[in-house]
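Everything on this sheet refers to the single structure shown next.
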Amino acid sequence: MIHIDFYLSYIALYFISINLFTFFLYLFDKIQAYKNNKNISRVSEKKLLFLNFIGGSIGSLFSMVLFSHKIKKFSFLWKFIIICIVQTIAIITYIFYI
Numbered sequence: 001m002i003h004i005d006f007y008l009s010y011i012a013l014y015f016i017s018i019n020l021f022t023f024f025l026y027l028f029d030k031i032q033a034y035k036n037n038k039n040i041s042r043v044s045e046k047k048l049l050f051l052n053f054i055g056g057s058i059g060s061l062f063s064m065v066l067f068s069h070k071i072k073k074f075s076f077l078w079k080f081i082i083i084c085i086v087q088t089i090a091i092i093t094y095i096f097y098i
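Residue numbers (this note's numbering): 1 to 98.
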């Protein structure tokens with residue numbers, strides 16, 4: 001029998017879970033947007049951007065592309081892009097200086 005050890009650090013588990021949560025929250029907001037009813041509560045853009053900021057960039061990007069959600073709203077999109085650029089710079093800096 002082949003035995004394979006599979007180990008994920010706490011940081012990897014955090015990023016997997018935050019990206020999955022962000023992906024499904026964008027999906028939930030898209031479903032709420034389709035219902036187009038004033039009585040339905042939607043997820044605020046601040047919450048979506050905050051989840052993006054704390055590590056959910058990949059999940060939000062996949063969700064935005066797959067469900068065409070928030071990609072036509074320029075005021076949201078430029079904030080999303082800036083957060084992604086800052087995170088990319090932080091990751092590159094971390095890789096090269098640590």
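C-beta: ideal position from N, C-alpha, C; glycine also.
* Asked: To the nearest whole angstrom, what separates the beta carbons of residue 49 and residue 79, a pair I think is in contact under 8 Å?
  -> About 6 Å; that satisfies the 8 Å criterion.
* To do: Report all residues from its chain with a CB closer than 8 Å to the CB of residue 67; omit the five preceding and five following residues, and keep chain order.
  => Cβ within range, chain order: 26, 27 and 30.
* Asked: So is residue 23 buried or exposed if we call it buried at 16+ other beta carbons inside 10 Å?
  -> With 16 or more other Cβ atoms within 10 Å, it is buried.
* Can you find at least 3 beta carbon pairs, one from the region 32-48 and one from the region 81-89, that sit closer than 8 Å? -> Segments in contact, no.
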